[in-house]
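If you count the sequence shown from 1, position 37 lands on 38 in our numbering, and the numbers rise without skipping.
The beta-carbon is built from N, C-alpha and C at its ideal position, and this holds for glycine as well.
Small disclaimer: the values here were computed from a predicted structure and weren't measured.
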Amino acid sequence: MDINNLKVLFTEEQIQTRIKELANEMNKFYGNEEVYAVCVLKGAVMFATDLVKSLSMPVKMEFIRLSSYNGGTTTSGKVNAVDISLPDLNEKNVLIIEDIVDTGLTAKFLLDFMNCNFHTKSTKFCSLLDKKVARVTDVEPDYYGFEVDDKFLIGYGLDYDGYYRNLTYIGYTDKSELE
Ligand code: IMP
Ligand code: MG
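As structure tokens, this is what we get:
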């Protein structure tokens, strides 16, 4: 894939502006209550670290690692919990932070996991991107930044074969470019 053929979908400025809007909504919702921000690695790393900077309540950050993609641009349809060690989240406000909800299988896995393991005070799911057209589950994020079409997106945490997570913007490329 040639990085020069990447088309910009969301600029750094658009992303950062939207993140501040989401954080404001969350600040209103949680008030001064403590929140456990659970970042789903690796894709959500950029979003989670930027989002928490604009949260005003006491925040604890946790990191879990899942994988569902085969390496390239296809989802395996099966969620792997690479590392899902978490502290006791009973009676806590949990905010799960994801990069993108695509099929929704990862989101469903995580929400089921929380339900089975903890009686949280609240569990909210936040995703920067929402690819609603690709959904195969009935899961909807409580917060999302942008709704996107069924394109393969790259940048700002989203990778192609491990690369491009470090881009400050989100771009897409024609499928033919990825072969
Ligand atoms: P889901 O389980 O199908 O909802 O997919 C969730 C995971 O697949 C996300 O957390 C991403 O890491 C990855 N993913 C889905 N769509 C894309 C994309 O367009 N680009 C890069 N990664 C993606
Ligand atoms: Mg992800």
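Going by DSSP, residue 16 is part of the alpha helix (DSSP H) stretching over 13-31. Here residue 32 is exposed, its C-beta having fewer than 16 other C-beta atoms within 10 Å.
Taken through DSSP and simplified to helix, strand or coil, residue 169 comes out as coil. The three-state reading of DSSP puts residue 51 in helix, counting H, G and I together. Beyond the five residues adjoining it in sequence on each side, residue 141 comes within less than 6 angstroms, by CB distance, of no other residue in the same chain. Under the DSSP assignment, residue 90 falls outside any alpha helix (DSSP H); it carries neither an H nor an E label. CA-to-CA, the gap between residue 84 and residue 66 works out to about 5 angstroms. Here residue 98 carries a strand assignment [DSSP, helix/strand/coil].
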